[in-house]
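Below you'll find the structure, written out as C-alpha cells, and then a few comments.
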Amino acid sequence: MTRPATSSRSPATEAKASPAGFLRGALAAMLLATVLLAGCASTPGSDSPEENDRRRAAELNTQLGREYMTRGQYEIAMEKLKRAVASDDDYAPAHTMLAVLYETLGEDQNAGRHFEAAVRAAPDNGDVNNNYGAFLCRTGKPERVDRYFLAALEDPFYQTPQVAMANAGSCAVQRGDFQQGETYLRQSLAYDPNFPDALFSLAALNYEQGELMRARAFLQRYDGVAEMSAESLLLGYRIETGLNNPEGARSYQLELMQQFPNAPEAAELQQRGRTTG
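If you want the numbering used here, it's the 1-based position in the sequence shown plus 37.
What follows is the structure in C-alpha cells.
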C-alpha cells in the first residue's frame, strides 16, 4: 500500500511551538489519502448500451488520468479526468482522482467538491468515505468527520479498515480529543497489530501525555516494521531525552543527522545544540 505525503507542514516546525504542536503536526503528516482504484471499483451500470459505453469511457479516461498523474503530467491528467466525469458523472473513481489532482495543485475547494461528488456516487464505498474523511482532516476540518471513517468500516468489501481507524484517531487528536484518538488508534491495531501509522501515532500520543515508557515501546514496535523517518527519529530523541537517557537520545540524533542531514528535524536539533552549547 502506498503512503503518499499528505501534508507539506513539517512536524518539526510545529514542535518548536509546543509538544502539542509536534503531536498534531506529526499525526497530520501521517494521515492517509491512499487512492485505491480497486477499492473504488466500477459499479455496474444499467442494461442500456449507451450508459455502458459512457461508463467504459469514464473508466478508460480515469485510468489514463491516473497514469499521467504518476508521471507528473498534470495538465494532460486534468483533461482526461474531466472527460471521465463528463462521460459518467456517477463514476466515483473519476471524481476521486480529480479531487486528488486538484489537491495536489493546491485547489482545495475544487478538491472538496469532487470528494463530495465521489461520496454521493458511492456512499457505501469504504475507500471513498475514508478518502473524504482524511481530506477534511488535512484541510483543517476535523469536526464531525468520524461518520465517514465509521461508514468505511461498514463496507464489507473494504480491505484496509486499519487505515480508516488510524485516520480517525489522527483526526480526533487534531481536534484535541486525545482519549477518542487513542481508542481509534488501538482499534486500528486490532485490525493490524503491525500497522506502522497507528504505531507511530500512539508513540507520539503517549509522548504528549507524558507516558514515556509506553511511547518508547510503541516507537520500538514501529521501528520493527517500518523504515525510520526524520519525524520518528526526532520523536525517539525527544522520548529518550525525557527519560533522561542521553546515550539513547544521542543515538537517535546521530542517525537523524546521518540519514536526513537536510531535513527540518535535523536543523531543529542543530539549532537546539547551538542554543544550549
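The C-beta atom is built at its ideal place from N, Cα and C for all residues, glycine as well. A quick note: this is a predicted structure, and the numbers were derived from the prediction, not measured.
Taking residue i as the reference, give the member of the options with the closest Cα.
| i | options | result |
| --- | --- | --- |
| D234 | F152, G247, P198 | P198 |
| A171 | N98, Q295, E140 | E140 |
| A154 | A123, R275, E180, F237 | A123 |
| S207 | K119, E191, A240, A136 | A240 |
| V137 | D127, D125, K178, G109 | G109 |
| S225 | R92, A254, F186 | F186 |
| D214 | G261, D183, Y289 | D183 |
| D192 | D161, N204, T176, L173 | D161 |
| A94 | L190, D125, P86 | D125 |
| G247 | Q257, N231, L272 | L272 |
Give me, in chain order, the residues of the same chain whose beta-carbon lies closer than 7 Å to that of residue i; leave out the 5 immediate sequence neighbours on both sides.
| i | result |
| --- | --- |
| R251 | N243 |
| M115 | L138 |
| Y259 | P233, L236, F237, A240, S269 |
For residue i, collect the residues of the same chain with a Cβ closer than 6 Å to its Cβ; drop the 5 residues on either side in sequence, then sort them by chain order.
| i | result |
| --- | --- |
| N299 | none |
| R103 | M134 |
| Q296 | none |
| G285 | E277 |
| Y105 | I113, A114 |
| Y169 | F152, V156, Y185 |
| A148 | A136, Y139, E140 |
| L101 | K117 |
Where residue i and residue j are concerned, what is the direct C-alpha to C-alpha distance, given to the nearest angstrom?
| i | j | result |
| --- | --- | --- |
| L249 | S269 | 14 Å |
| G163 | L280 | 41 Å |
| Y195 | N166 | 10 Å |
| A263 | Q307 | 25 Å |
| L142 | Y221 | 31 Å |
| E144 | K119 | 15 Å |
| R223 | R91 | 43 Å |
| G76 | A188 | Residue placement at G76 is poorly supported in this model, since its pLDDT is 37, which falls under 50; the coordinates still yield a value, given next. Cα-Cα distance, rounded: 14 Å. |
| L291 | R253 | 18 Å |
| Y289 | Q216 | 29 Å |
| N204 | C174 | 9 Å |
| A78 | T176 | Because the pLDDT of A78 is 47, which lies under 50, any placement of that residue in the model is unreliable, and the number read from its coordinates should be weighed accordingly. If I take the Cα positions, the gap works out to 26 Å. |
| Y274 | A158 | 46 Å |
| P230 | E96 | 35 Å |
| M265 | L256 | 9 Å |
| Q146 | K178 | 13 Å |
| Y111 | G261 | 37 Å |
| S85 | R150 | 28 Å |
| R287 | T107 | 39 Å |
| P283 | E245 | 19 Å |
Please list, in chain order, all residues of the same chain as residue i whose beta carbon is under 8 Å from its beta carbon, the five residues on each side excluded.
| i | result |
| --- | --- |
| A267 | A49, L293, Q296, F297, A300, P301, E302, A303 |
| Y228 | P198, Q199, M202 |
| E180 | R212 |
| T99 | L74, K117, L118, A121, Y128, P130, A131, M134 |
| R309 | none |
| E87 | none |
| L190 | G163, P198, A201, M202 |
Within the present structure, is the beta-carbon of residue i separated from the nearest heavy atom of the ligand FAD by less than 7 Å?
| i | result |
| --- | --- |
| S288 | Ligands are entirely absent from the displayed structure, and the ligand FAD is therefore not among its contents. |
With a threshold of 8 Å between beta carbons, is residue i in contact with chain D?
| i | result |
| --- | --- |
| S269 | Looking for chain D here will not work: only one protein chain is present. |
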